[in-house]
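J.: Residue 107 is where the sequence shown starts when you use this note's numbering, and the numbers rise one by one after that.
Note that CB positions come from ideal geometry on N, CA and C, so glycine has one too.
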Amino acid sequence: MIRAVRAAAVLLVVLLSFGCGSPSGTPDVPAVVSYDVVLYFADQAYIETGDENLPPVVAEETAIDVPEGTEPYLAVLEALRTPAEADHATMVGEQISFNSVAYDNASEDLLVVDLAREGLTGGSLGEDLFIRQIVETLLHNEALAGDRPVPTRVLSLVDGQPAESLMGHIDATLPFESSL
107 MIRAVRAAAV LLVVLLSFGC GSPSGTPDVP AVVSYDVVLY FADQAYIETG
157 DENLPPVVAE ETAIDVPEGT EPYLAVLEAL RTPAEADHAT MVGEQISFNS
207 VAYDNASEDL LVVDLAREGL TGGSLGEDLF IRQIVETLLH NEALAGDRPV
257 PTRVLSLVDG QPAESLMGHI DATLPFESSL
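Have a look at this one:
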């Protein structure tokens, strides 16, 4: 009898150690971290009028949920696809693909954004607003850094390579800094 109880206990331990999921039988849900962030979008009135008295980009405060293990800076860039306000526009449309966002190995205050070449098209105004949306959003969300240094500059790559320009109008060979 004691042997049968021991065997049942060993069997139970073995089954539990192989990850049968949560005790209720439902799959384990990955942990999610929520961040309060500021997203920067193009000001629709600025686009329509070209009035230099208007700000080119405007802020929207929101919260984003980032699955554990996902780079928060990449998640915040994905959030730039959809403004909440009707008078805000985005240059980060569905045609834009972010390959990665990572800290530079040689400079701890530099974030490197790697973009896919496909979809990077637009005029000089569109390119300027695209860059501003990315740079201001990445540099004005210190909480995303966690225990890492807060970035102060953003360098863009295209398909993993340095780029002279993202869309052919603005020099992208050096890192960008906040203009706000």
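Could you pull out every residue in the same chain whose Cβ sits closer than 8 Å to the Cβ of residue 189, ignoring the five residues on either side in sequence?
T.: Here the set comprises 145, 147, 166, 195 and 196.
J.: Pair every Cβ in the segment 219–229 with every Cβ in the segment 258–265, then say whether three or more of these pairs are closer than 8 Å.
T.: Contact holds: three or more Cβ-Cβ distances are below 8 Å.
J.: What are the residues that DSSP puts in a beta bridge with residue 149?
T.: Partner(s): 194.
J.: Is it buried or exposed, residue 244, if we count other Cβ atoms within 10 angstroms and call 16 or more buried?
T.: Result: buried.
J.: Return yes when the Cβ of residue 233 is within less than 8 Å of the Cβ of residue 272, no when it is not.
T.: Yes, the Cβ-Cβ distance between residue 272 and residue 233 is below 8 Å.
J.: Comparing C-alpha positions only, which one of 251, 154, 157 and 213 sits nearest to residue 182?
T.: When only C-alpha atoms are compared, the closest one is 251.
J.: Which whole runs of the beta strand (DSSP E) in the segment 215–245 are 3 residues long or more, in chain order?
T.: Taking only runs of at least 3 residues, the beta strand (DSSP E) segments lying wholly in the segment 215–245 are 216–221.
J.: How is residue 169 classed by DSSP in three states: helix, strand or coil?
T.: DSSP places residue 169 in strand when its eight states are reduced to three.
J.: Below 7 Å CB to CB, which residues in the same chain sit around residue 150 once its five sequence neighbours on both sides are set aside?
T.: Within the same chain, residue 150 has close Cβ partners 193, 194 and 195.
J.: Kindly indicate which residue of 191, 170, 175 and 161 has the alpha-carbon position closest to the one of residue 185.
T.: Selected option, being the one with the closest Cα: 170.
J.: Exposed or buried, which one is residue 212 when buried takes at least 16 other CB atoms within 10 Å?
T.: Per the 10 Å Cβ criterion, exposed.
J.: Can the beta-carbon of residue 219 be found less than 8 Å from the beta-carbon of residue 210?
T.: Against a cut-off of 8 Å, the Cβ pair of residue 210 and residue 219 comes out as no contact.
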